[in-house]
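This report refers to the structure that appears directly beneath it.
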Amino acid sequence: MSLLEQIDKQRLPRHIAIIMDGNGRWAKEQGQDRLYGHFHGVESVRNIVEGCAELGIGYLTLYAFSTENWDRPAYEVNGLMELLIDTIRKEVDTLNRNNIRLHMIGDMQMLPESAQHELEEAMELTGTNTGLNLVMALSYSSRWELVHAMRQVAEDVKAGKVDPGAVTPALLEQYLCTRGIPDPELMIRTSGEFRISNFLLYQLAYAELYFTPTLWPDFRKENLYEAILDFQNRERRFGKTSEQIAEVPTGVISKDSIGRF
Ligand code: IPE
Ligand code: IPE
Ligand code: MG
């Protein structure tokens, strides 16, 4: 049986988040410049977006550029930004043909104004699509997001719109970039690094983590299927005991059944 056939379509992760890492090392292996690796990474993005859309995954978040990545050499930052914006512009028609809706999370104000407009336009043009939700994390970091959210909560408290006692996880979630997006259930990181690198620290609270040595430009649908199969073989307990999990029919335990505090 192929990997795809082995996947239980009734128990797919609703949201997959990916740290697309290893472009630089891939390029180095080929004796090429780092930008060559980023360029080839786009092919993996196309392939994985297509794979997720075919499977019927609800949300795919791709970590494309972190707040910390702004500190890389200027030539790499500029080349990468150009590649990202250019790719999004060129892919809008394909996204529409495949009913994919584009979302962005991150500090868009760090981007040049023209790029901000392009991205807003791409989101608007795909805004009524009802298939896969493709979330691009661009100029994103979790600490930036949380600090930004706290500031806004503080402003609203100061303005008398929010009572401090009413600040709950559900309220805080309304202030995050991921408002309205369910938490990732599966987080994949490529390139053999075992870290989170400031990605969705709050939202990944109960995600299953999957690490693979494959470098991002080599990552294809088959690798995605392997990660999903691994996910499907895990027991997600959400703080409960194994016996408690066995009592509940599959699918009933979800983030919503975790006690709110
Ligand atoms: C991931 O590849 C892409 C970005 C972080 C933008 P890297 O550029 O980090 O590649 P490595 O980790 O140096 O191999
Ligand atoms: C994480 O990769 C960010 C993205 C993939 C966009 P990095 O390559 O920047 O992370 P570190 O530096 O290895 O932690
Ligand atoms: Mg890296």
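The sequence shown begins at 865 in our numbering and counts up one residue at a time.
Where is the CB? At the ideal position from N, CA and C, for every residue including glycine.
Throw me the rounded Cβ distance for the residue i and residue j pair, which I believe falls under 8 angstroms.
i: W934; j: M972; result: With 8 angstroms as the limit, W934 and M972 do not qualify as a contact, their Cβ atoms being about 13 angstroms apart.
i: L1010; j: Y1066; result: 6 angstroms
i: Y939; j: R878; result: Their Cβ separation, rounded to whole angstroms, is 39 angstroms, which puts Y939 and R878 out of contact at 8 angstroms.
i: N887; j: P1081; result: 6 angstroms
i: A917; j: I964; result: 6 angstroms
i: A881; j: T925; result: 4 angstroms
i: L1050; j: I1060; result: Actually they are not in contact, since the Cβ atoms of L1050 and I1060 sit about 14 angstroms apart, beyond 8 angstroms.
i: I952; j: V999; result: So it is not a contact: roughly 12 angstroms between Cβ atoms.
Suppose you measure from the CA of residue i to the CA of residue j; what does that come to, to the nearest Å?
i: F1063; j: Q1108; result: 31 angstroms
i: A928; j: L948; result: 8 angstroms
i: L1040; j: A1110; result: 33 angstroms
i: A1001; j: A1030; result: 29 angstroms
i: N962; j: L989; result: 13 angstroms
i: R1084; j: I883; result: 14 angstroms
i: A1034; j: T931; result: 25 angstroms
i: T1054; j: T1078; result: 6 angstroms
i: K892; j: F903; result: 13 angstroms
i: K954; j: E869; result: 32 angstroms
i: N997; j: N1087; result: 20 angstroms
i: E1037; j: R1043; result: 6 angstroms
i: N942; j: K1104; result: 47 angstroms
i: L1073; j: W890; result: 23 angstroms
i: P1028; j: H1012; result: 17 angstroms
i: W1098; j: G1056; result: The sequence shown places Arg at residue 1098, rather than the Trp named in the question. So the alpha carbons of these two residues sit roughly 20 angstroms apart.
i: I1052; j: F1075; result: 6 angstroms
i: T1032; j: M1014; result: 12 angstroms
i: L944; j: K873; result: 35 angstroms
i: L959; j: L966; result: 8 angstroms
i: H981; j: M865; result: 46 angstroms
Per DSSP, residue i is paired with what?
i: T925; result: A881, V999
i: S930; result: Y1004
i: L989; result: DSSP lists no partner for L989.
Under 8 angstroms Cβ to Cβ from residue i, same chain only, skipping five residues before and after it: list those, please.
i: I871; result: L919, Y1089, I1092, L1093, Q1096
i: D1026; result: For the record, residue 1026 in the displayed sequence is Val; it is not Asp. Correct list, in chain order: V1017, D1020, L1035.
Tell me which same chain residues have a C-beta within less than 7 angstroms of the C-beta of residue i, skipping the five on either side of it?
i: P976; result: none
i: W1008; result: T931, D971
Going along the chain, which unbroken runs of the alpha helix (DSSP H) with 4 or more residues stay wholly within the segment 1040-1111? Qualifying alpha helix (DSSP H) stretches, in chain order: 1085-1096, 1106-1111.
Length-filtered (4 minimum) alpha helix (DSSP H) runs lying within the segment 906-977: 938-961
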